[in-house]
Amino acid sequence: MMLNTARVFVSDLSGAHGFYANKLGLALKFGSPEMGYCVYDAGACQLVVEPVAADAPPDDLALVGRFTGLSFKVSQLAQDFDRLKNGGVVFTSPPKQEAWGGLVATLLDPAGNELQLCQYPDAL
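Every letter in the sequence shown is one number past the one before it in my numbering, and letter 46, counting from 1, is 31.
Written as structure tokens, this is what we have:
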């Protein structure tokens, strides 16, 4: 069994597309804001970004603006952090050394979803 897809929920799909495609540099595989979903190439896994309507039930609204548990593997965290921060990406924590030996920085997408950049110890 292998993880194939991760999903992130947003309030504004057009704004999210600008972030994931232009700021993070993920290639759009299929879908579009006009189609109501975007699927990005995120390496070994595809990332699906879907909108949640403002009038959706509370359980659906709770999917937007939360810690996702998703990490993007990078080889030069300090450089990626500087590039993204200078490009307007909001970070809630700068790169920091973790007890397991890697480096992690937490960022926000436009909907307030928390994602992480992770540099593993073998790349340090």
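Cβ atoms here follow ideal geometry from the backbone N, Cα and C, with glycine treated the same way.
Would residue i be called buried (16 or more neighbouring beta carbons within 10 Å of its own) or exposed?
| i | result |
| --- | --- |
| residue 107 | exposed |
| residue 95 | buried |
| residue 38 | exposed |
| residue 61 | exposed |
| residue 11 | buried |
| residue 65 | buried |
| residue 15 | exposed |
| residue -11 | exposed |
| residue -6 | buried |
| residue 80 | buried |
| residue 52 | exposed |
Note the first and the last residue of the continuous beta strand (DSSP E) segment covering residue i.
| i | result |
| --- | --- |
| residue 21 | Where residue 21 is concerned, there is no enclosing beta strand (DSSP E), given that its DSSP letter is neither H nor E. |
| residue 75 | 75 to 82 |
| residue 55 | 52 to 58 |
Provide the residue(s) that pair with residue i in DSSP beta bridges, ordered along the chain.
| i | result |
| --- | --- |
| residue 104 | 88 |
| residue 40 | Paired residues: none, contrary to the question. |
| residue 26 | 12 and 31 |
| residue -7 | 34 |
| residue 93 | 75 and 99 |
Need the endpoints of the alpha helix (DSSP H) that residue i sits in, please.
| i | result |
| --- | --- |
| residue 70 | 62 to 71 |
| residue 1 | -2 to 2 |
CB residue i to CB residue j, shorter than 8 Å?
| i | j | result |
| --- | --- | --- |
| residue 30 | residue 58 | no |
| residue 69 | residue 8 | yes |
| residue 6 | residue 55 | no |
Discussion item. Closer than 8 Å is the cut-off here; do at least three beta carbon pairs connect the segment 81 to 89 with the segment 21 to 28?
Written reply: no
Discussion item. Does the segment 33 to 50 come into contact with the segment 63 to 83, if we say contact requires no fewer than three beta-carbon pairs (one atom in each stretch) closer than 8 Å?
Written reply: no
Practice prompt. Decide if the segment 28 to 38 is in contact with the segment -8 to 1; the criterion is three or more beta carbon pairs, one per stretch, under 8 Å apart.
Written response: yes
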